[in-house]
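Asks:
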Amino acid sequence: MPILLEKPKNVLPISSAYYVGNICIDPPVVLAPMADVTNGSFRRLVKRMGSPGLVVTELISTAAIHYGSKRTLEMFDVTEEQRPLAVQLFGADPAMMAEAAKVAVDQGADIIDINMGCWVPKVCKTGAGAAMMKDEAAACRIVEAIVKAVEVPVTVKTRAGWQYGQFATVGLAKKLEEVGVQAFALHARYATQGHTGNADWELIRQMKEAVSKPVVGNGDIKTPQDALRILQETGCDGVMIGRAAIGNPSHARRTD
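See below:
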C-alpha cells in the first residue's frame, strides 16, 4: 500500500504549515533531494500525484555551473507546477557557491538549499557535502556568502555530524542561524553511517529545541504513522520523504 497516500487511522492528521522566509510550505511534507532521482520529470509527477508542500532538485555541483556545463544547467528544469521549489547546491568555495546561487535564482529557484549531508566520497573529498561539518568556520563563510548573494531564502540540509556519536549539528546550526539560514533539514544519521543503522529522531528533537528557525525531520519515514510520530515525538515543523518515494512518487503525498 502506498505510504503517505491514505489518511491513517487512529492518528492525528498533519495540520500545520511552516514558513521558509515568506514562503509557505503547506502541507509540511518535503520531497528530499536525491541524486539521479528528483529530476524535473520526477518532481512534476510527484506534484501531480501527491502535492507535497515543497520539492527539491537533485544536488547540483556549483563547480559545474561555474564552468558552464550544459548538462548541469539542464538539471534545473523549473516549471510553475513545481513551485515552491528549492534548488540544492553543493560545493566548498564561497565565491563559486554564491555565483551558482545567483544562477539558480535566475533559473527559477524559490529557495536555495545547501547540501551539508552528502556522505559520498567523491563529494566529501572536495570539502563539500557532509565534509563541511568538519570546519564550522568555513561552512559559515560559505553560507554567509550565499545569503548575501541572493534575495530568496537559504536553507541547509545536514547530517547529525560526521562521526557516529559526535552530534555536531546543534552548535553549527546556531551559527548558521546567525548568518541568515531560514530553515534546516536534519537527516538523523551520521555521515559515516551512510544509510545504515537507524535514524535517531531524538537528535531532531534536540536540534528543534536549540534553534528558532523551522526544522524538518528526515530519516526512516516510511509510513503515514512514521510521519505523524516524528512530528509528535520531536516537535519538528515538517517531514522530508526520501528513499520511500523512489519507485512510488505517491509516497511523498500529504497524509490528510
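When the count follows my numbering, it moves up by one through the sequence shown with no breaks and lands on 1478 for the last residue.
Glycine included, C-beta positions come from ideal geometry on N, C-alpha and C.
Small disclaimer: the values here were computed from a predicted structure and weren't measured.
1. Alpha helix (DSSP H) containing residue 1451: first to last residue?
2. In three-state terms, what does DSSP make of residue 1435?
3. Report yes or no: do the region 1284–1294 and the region 1331–1346 share at least 3 C-beta pairs separated by less than 8 Å?
4. Buried or exposed, going by whether 16 or more other CB atoms sit within 10 Å of the CB of residue 1379?
5. Is residue 1340 helix, strand or coil when you go by DSSP?
6. Do you know how far the Cα of residue 1364 is from the Cα of residue 1314?
7. Give me whichever residues DSSP pairs with residue 1370 in a beta bridge.
8. Going by the DSSP bridge assignment, what does residue 1405 pair with across the sheet?
9. Near residue 1390, what residues of its chain come up, given a Cβ to Cβ distance below 7 Å and the 5 sequence neighbours on each side ignored?
10. Pick from 1403, 1464, 1297, 1410: whose alpha carbon is nearest that of residue 1436?
11. May I ask you to list the residues that DSSP assigns as paired with residue 1308?
12. In three-state DSSP terms, what is residue 1318?
13. Does the separation of the CB atoms of residue 1264 and residue 1283 fall below 8 Å?
14. Write down the C-beta distance between residue 1410 and residue 1425 rounded to the nearest angstrom, noting that I regard them as a contact closer than 8 Å.
15. Taking residue 1253 and residue 1274 to be in contact with their CB atoms under 8 Å, please state how far apart those CB atoms are, rounded to whole angstroms.
16. Alpha carbon to alpha carbon, how far is residue 1450 from residue 1251?
17. Which word fits residue 1454, buried or exposed, when buried means at least 16 other C-beta atoms lie within 10 angstroms of its C-beta?
18. Can you pull the DSSP bridge partners for residue 1245?
19. List the whole-angstrom C-beta distance separating residue 1279 from residue 1260, where the pair is believed to meet the contact cut-off of C-beta under 8 Å.
20. What residue range is occupied by the uninterrupted beta strand (DSSP E) comprising residue 1349?
21. What separation, rounded to the nearest whole angstrom, lies between the Cα atoms of residue 1373 and residue 1244?
22. Per DSSP, what kind of secondary structure is residue 1271 in: helix, strand or coil?
23. Should residue 1340 and residue 1352 be called a contact, given that it needs their Cβ atoms to be closer than 8 Å?
24. Assign residue 1456 to one of two classes, buried (16 or more other C-beta atoms within 10 Å of its C-beta) or exposed (fewer than that).
Replies: Taking the structure as given:
1. The residue given as residue 1451 occupies position 229 in the sequence shown. That run of the alpha helix (DSSP H) goes 1446–1456.
2. Against the sequence shown, residue 1435 aligns to sequence position 213. Coil, per DSSP.
3. Contact between the region 1284–1294 and the region 1331–1346 is absent, because fewer than three Cβ pairs lie under 8 Å.
4. One-based indexing of the sequence shown puts residue 1379 at position 157. It counts as buried.
5. For the purposes of this step, residue 1340 is identified with residue 118 of the sequence shown, where counting begins at 1. Coil, per DSSP.
6. Within the sequence shown, residue 1314 is the residue found at index 92, counting from 1. Within the sequence shown, residue 1364 is the residue found at index 142, counting from 1. Whole-angstrom Cα-Cα distance: 7 Å.
7. In the sequence shown, counting from the first residue as 1, residue 1370 sits at position 148. In the DSSP output, where bridge partners are listed per residue, residue 1370 has none listed.
8. Indexing the sequence shown from 1 puts residue 1405 at position 183. Beta-bridge pairing by DSSP links residue 1405 to 1377.
9. Start at 1 with the first residue of the sequence shown, and residue 1390 comes out as number 168. Excluding sequence neighbours, residue 1390 sits near 1355, 1383, 1384.
10. Numbered from 1 along the sequence shown, position 214 holds the residue referred to as residue 1436. Closest option to residue 1436, Cα to Cα, is 1403.
11. The count along the sequence shown starts at 1 and reaches residue 1308 at position 86. DSSP output for residue 1308 lists 1278, 1333 as bridge partner(s).
12. For the purposes of this step, residue 1318 is taken as the residue at position 96 of the sequence shown. Helix.
13. On the sequence shown, residue 1264 is found 42 positions in, with the first residue counted as 1. On the sequence shown, residue 1283 is found 61 positions in, with the first residue counted as 1. Not a contact, by the Cβ cut-off of 8 Å.
14. To locate residue 1410, count along the sequence shown from 1; it is residue 188. To locate residue 1425, count along the sequence shown from 1; it is residue 203. Confirmed, about 5 Å.
15. In the sequence shown, counting from the first residue as 1, residue 1253 sits at position 31. In the sequence shown, counting from the first residue as 1, residue 1274 sits at position 52. Between residue 1274 and residue 1253 the Cβ distance is about 5 Å, and since that is below 8 Å, they are a contact.
16. Start at 1 with the first residue of the sequence shown, and residue 1450 comes out as number 228. Start at 1 with the first residue of the sequence shown, and residue 1251 comes out as number 29. About 11 Å.
17. The count along the sequence shown starts at 1 and reaches residue 1454 at position 232. Residue 1454 is exposed by the Cβ-count criterion.
18. Locating residue 1245 in the sequence shown gives position 23, counting from the first residue. Answer is 1242, bridged to residue 1245.
19. As a position in the sequence shown, residue 1279 is number 57, starting the count at 1. As a position in the sequence shown, residue 1260 is number 38, starting the count at 1. Contact between residue 1279 and residue 1260 is confirmed by a C-beta separation of about 6 Å, below the 8 Å threshold.
20. Taking the first residue of the sequence shown as position 1, residue 1349 is located at position 127. For residue 1349, no beta strand (DSSP E) run applies, since DSSP gives it neither H nor E.
21. Within the sequence shown, numbered from 1, the residue matching residue 1373 stands at position 151. Within the sequence shown, numbered from 1, the residue matching residue 1244 stands at position 22. Cα to Cα, the separation comes out at about 11 Å.
22. In the sequence shown, residue 1271 corresponds to position 49, counting from 1. Correct three-state label for residue 1271: helix.
23. Taking the sequence shown and counting its residues from 1, one reaches residue 1340 at position 118. Taking the sequence shown and counting its residues from 1, one reaches residue 1352 at position 130. Yes, the pair counts as a contact, with Cβ atoms nearer than the cut-off.
24. Walking along the sequence shown from the start, residue 1456 turns up at place 234. Classification for residue 1456: buried.
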